[in-house]
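Accompanying notes for the structure given below.
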Amino acid sequence: MLDLKEIDGLEENERVEGDMVYCTLCGGEKLEFLDWIDGTRKVFRKMCKCQKEEHDKQECERKRLQRIADIKKNSMIPIRYRSVRFSNTSTGSNQTFDQAYKRCKGYCEQSEKVLKNGWGIYLQGDKGTGKTHIAACIANELIEQCYEVLFTNFFEITKEIKATYNSSSDVSEIDLIEKIATIDFLVIDDIGTETMKKNGEDTWIQEKIYDVLNKRYNENKPTIFTSNNSLPELVNERGMMDKTVDRIMEMATVILKFEGQSFRREMRKVALPF
Ligand SMILES: Nc1ncnc2c1ncn2[C@@H]1O[C@H](COP(=O)(O)OP(=O)(O)OP(=O)(O)O)[C@@H](O)[C@H]1O
Ligand SMILES: [Mg+2]
Ligand SMILES: [Zn+2]
13 MLDLKEIDGL
23 EENERVEGDM
33 VYCTLCGGEK
43 LEFLDWIDGT
53 RKVFRKMCKC
63 QKEEHDKQEC
73 ERKRLQRIAD
83 IKKNSMIPIR
93 YRSVRFSNTS
103 TGSNQTFDQA
113 YKRCKGYCEQ
123 SEKVLKNGWG
133 IYLQGDKGTG
143 KTHIAACIAN
153 ELIEQCYEVL
163 FTNFFEITKE
173 IKATYNSSSD
183 VSEIDLIEKI
193 ATIDFLVIDD
203 IGTETMKKNG
213 EDTWIQEKIY
223 DVLNKRYNEN
233 KPTIFTSNNS
243 LPELVNERGM
253 MDKTVDRIME
263 MATVILKFEG
273 QSFRREMRKV
283 ALPF
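Residue numbers for the sequence shown, in my numbering: 13 to 286.
In structure tokens, the structure reads:
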């Protein structure tokens, strides 16, 4: 006969029948008996079917949250934009912003299709109109959906490429560009601010921008750009190579224009506690 003291008493949803404890929910056995070396019988608790299912569910959720935390850590989203979401972004004060908000939210709702087709977005407009903010809403939402996202700009990318030239670097330039080219979603903030030409000559950065974007184009992976410049301005005013901009044009299946006053002006009106 089972001595309940051996198993520290019954837990919730359990009943004893003969020598065995059963789950009252799934009817499964909750004990396992082993013959010990010294000849005595040992009793151990085991999970019934419903406990095992619950355990697996929790384990799956734990892994999902860990994956999201890892992606977030590597995403390079700037601190200022880490907590921005579609759900905590106010609309109603600027029509072009609201339109972009709607399209970009819809973009995230169709993430599977978007990724499969390599559809990107080009967010264009004056300073402070919310482009980086919306790009961060997209990035944060896609991370919550467990996609790998890298949020960066060409200053950072070229800085990282230069770091690979250091003999102590354990990453090669090829590997770094491969990583950037194949990540699920890439956000390039502020394209067009780089110095593309010096004394009429293409700078090294110009070649690297082409290299990264061309690889991404070939991989057919979605890229989200923000810029103060239109695509023709990237060529005519910023001196970017025509063939680079031509690829951006095809990668950015939607161009969303932001107009109006800077949100930064509004933010200065916030009452301060000092
Ligand atoms: N709808 C909004 N409601 C409140 N604050 C916002 C909204 N959109 C943007 N902001 C905030 O306004 C500031 C400026 O926005 P953001 O950085 O996105 O501008 P931007 O268009 O990227 O400008 P720039 O071209 O200078 O990079 C940020 O702090 C951002 O979080
Ligand atoms: Mg910005
Ligand atoms: Zn059970």
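Where is the CB? At the ideal position from N, CA and C, for every residue including glycine.
According to the DSSP assignment, Q273 belongs to no alpha helix (DSSP H), since it is labelled neither H nor E. Remark: C-beta atoms of I173 and L188 approach each other more closely than 8 Å.
Of the heavy atoms belonging to ligand 3, at least one sits nearer than 7 Å to the Cβ of Q63. The continuous beta strand (DSSP E) containing K54 extends over residues 53-57.
As the crow flies, the alpha-carbon of E271 is around 8 Å from that of F109. Assignment of Y34 by DSSP, reduced to helix, strand and coil, places it in the strand class. Counting only beta-carbon distances shorter than 7 Å to the non-hydrogen atoms of ligand 2, the qualifying residues in chain order are K143, T144, D201, D202, T238.
Distances from the CB of C72 to the heavy atoms of ligand 3 are all 7 Å or more. CA-CA distance, L37 to R27, rounds to 10 Å. Distance from the C-beta of S242 to the nearest heavy atom of ligand 1 is not below 7 Å. Comparing C-alpha distances from K125 to each of P234, R259, D68 shows the shortest one belongs to P234.
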